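One structure below.
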Amino acid sequence: MDLINWFSSSRPVSVNSYGGNLLFRPNPLFPKYCRNCPQEKCKYQSKPEFSLAAQDGVLHDFMQHTVAEQNCIYNVEKSIADNQSVQIEYENGMLANFMLAFNCLGERSGRNVHIIGTKGRIFGNVEENAVFVYTNEDGHLEKYDIHPQGGHSGGNSGHAFEVVKMLRDPKYRPAQDAYAGYLSNAICIAADISRTEGRRISFRYDQGGFIQFQ
């Protein structure tokens, strides 16, 4: 949601959402923990990876308290949706669609972005480490290779550098502030309300920019 808001350069005015637990529903045939499950080919079964450099005590603790208590993804208590669609309308007229599918596997199954503008398109997949720009006027497609360093495709280091800049210069302000985070959280909350109550959520802003859902 942070990126979608940033792309829009505007504030959200309404949210509509659909979805729920369409796949990972409770199954009485499965046990509570993976270690007790007879299913040998479950894609979601915990598969611990061992390090030869780890000490025996570390491995023992890992086996006793981590692997042994891996909950079945179907029967674990959860309050999140495994499939969800969110539609967002912005003040400047931009429309955004956010899709979530936990069971999407295989090629190009990770995070995808596709931006359609008046002059062309920007699209990419996080696993490909590349961004493509298509220009409508001449039909030209340009590829920009990305070389991220660190977690979240390089995003973590960027956040850390921004904090350092603010500590060194009290007057410095990043491109996105706490209010941007507030708007992103508001969209997520509105999406869950819309999904569970089956209605469109409109945003009403007061003079301070704070939101009331309607």
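Those letters in the sequence shown? Residues 20 to 233, per the numbering used here, in order. Here a beta-carbon is modelled for each residue, glycine too, at the ideal position from N, C-alpha and C. All values derive from a computational prediction rather than experimental measurement.
- If the five residues before and after Gly-39 are omitted, its C-beta is found closer than 6 Å to the C-beta atoms of Ala-100, all from its own chain and listed in chain order.
- The alpha-carbon separation between Ala-149 and Asn-131 amounts to approximately 11 Å.
- Beta-carbon to beta-carbon, Ser-27 and Met-113 are separated by about 5 Å, close enough to satisfy the 8 Å threshold.
- DSSP places Val-182 within a helical segment (H, G or I) once states are collapsed to three.
- The Cβ-Cβ distance between Asn-94 and Asn-155 does not fall below 8 Å.
- A straight-line Cα-Cα distance of about 25 Å links Glu-96 and Arg-218.
- Relative to the Cα of Leu-22, the nearest Cα in the group Phe-222, Ala-199 and Asp-211 belongs to Ala-199.
- Where Phe-142 is concerned, the enclosing beta strand (DSSP E) starts and stops at 139-144.
- DSSP, reduced to helix, strand and coil, places Tyr-201 within a helical segment of the structure shown.
- Residue pairing by DSSP puts Val-105 in a beta bridge opposite Ser-36 and Phe-117.
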